[in-house]
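Numbering (the UniProt record's numbering), first residue to last: 1 to 310.
A virtual CB, placed ideally from N, CA and C, is assigned to each residue, including glycine.
All values reported here derive from a predicted model rather than from experimental measurement.
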Amino acid sequence: MTEERSEKCSELRKRSAIILRSPESGGEPVGSVAEQADSDEQLIELWLHGRSEHTQRAYRSEAERFMQFVAKPLRLLKLLDIQSFADHLGESLKESSQHRALSAVKSLLAFGHRIGYWTFDIGAAMKLPTFRDELADRILGETDVLRIISLEPNPRNRAILLTLYAGGFRVSEICQLKWRHLQERESAGQITVFGKGGKTRTVLMPQAIWDALQKLQQDASSEAPVFRSRKKGHLDESAVWRIVKKASERAGIDKEVSCHWFRHAHASHALDRGCPIHLVQATLGHSSISTTGRYLHARPTDSSGNYLPF
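This is how it looks when you write it as structure tokens:
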């Protein structure tokens, strides 16, 4: 972080600390605009404050795309601007990407309204596009996953693939791992990760995965990264994505496999093998069991059609 950005963030933390809340507003921020944000840039920084690094990066990108399109100060926004932006996205992005971009914009507009940047929440009138659930297309079979892992020649990279699959972790979670986050248990070991919304969860690891991880540690300190870069620091997410992409290509998988596909595979394969859905929910860190339930619908094991007189 540059010195200039650091100073801006310090100032914004001071601003966010004075946001007033009243019982009458149901805990929502109130107060004058001057107390909250004096510019579009400050509004966005306040909106992003406290979110995970991954979320900040994604939301900032969507906010910048929106601002570049409307090409005017956000205070002057009209509903037509947002509708035009939605139409623009519809010409170039698939439905799921449109939904993600517009969700971020609606979140920004709602936040700005809550802190008094706008008199009305102009984004509330905009409906998000519906999109086809592509989860079923992103679930690899057990054979495919095991082939990807077995053909990876690099011990560190193979341990990354094993950890993504066995723990159902997000790529951001494994990139943050230090050796102190791993603890030995009688049967094998456990890993503590820090997920979305600052939530902490601890996941037991099978013996084979634990052994693969322990071979990486050698004389590393408890504060050292589990998955180190060539410069001995933490691997960044883009590096892990490249590892997954190359490993999938090596295994002959004719799909654009990403790190998150291993998380999908973990949930789907565990449920297929009879794992209780609440245990999958806890392992993956889903806040709602309905999210975990999507994997049951994506790969059903039975159908009412099987009971018809064919």
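- DSSP lists 225 as the bridge partner or partners of residue 178.
- Taking a contact as a CB-CB distance under 8 Å, the pair residue 63 and residue 108 counts as one, their CB atoms being some 6 Å apart.
- Fully contained in the segment 243-296 are the following alpha helix (DSSP H) runs of length 4 or more, in chain order: 259-272, 277-284.
- Of the residues 82, 182, 73, 104, the one whose Cα lies closest to the Cα of residue 61 is 104.
- Annotation for residue 205: the continuous beta strand (DSSP E) segment containing it runs 200-205.
- Distance from the CA of residue 166 to the CA of residue 205, rounded to the nearest whole angstrom, comes to 7 Å.
- Taking 9 Å as the cut-off, the Cβ atoms of residue 73 and residue 40 count as close.
- Around the beta carbon of residue 168, 16 or more other beta carbons lie within 10 angstroms, which makes this residue buried.
- The beta carbon of residue 250 sits closer than 6 Å to those of 151, all from its chain and outside the five residues before and after it, given in chain order.
- Rounded to whole angstroms, residue 182 and residue 38 show a C-alpha spacing of 45 Å.
- A distance below 8 Å between beta-carbons, with the five flanking residues on each side excluded, links residue 86 to the following residues of its chain, in chain order: 98, 102, 126, 129.
- The three-state reading of DSSP puts residue 64 in helix, counting H, G and I together.
- Under the 10 Å beta carbon count, residue 286 is surrounded by 16 or more other beta carbons and is classified as buried.
- Taking residue 241 as the centre and dropping the five residues before and after it, the same chain places the C-beta of 171, 258, 259 closer than 8 Å to its C-beta, in chain order.
- Here residue 69 is not bridged, per DSSP, to any residue.
- Nearest Cα to residue 82 within the set 50, 69, 94: 69.
- If only uninterrupted alpha helix (DSSP H) runs of at least 4 residues are considered, those enclosed by the UniProt domain "Core-binding (CB)" (38-113) are 40-48, 53-70, 79-92.
- Residue 119 sits in coil when the DSSP states are folded into three classes, being neither helix nor strand.
- Within its own chain, the residues whose Cβ lies closer than 6 Å to the Cβ of residue 142, once the five positions on either side in sequence are excluded, are 269, listed in chain order.
- Residue 186 sits in coil when the DSSP states are folded into three classes, being neither helix nor strand.
- In this structure, the beta-carbon distance from residue 284 to residue 266 falls below 9 Å.
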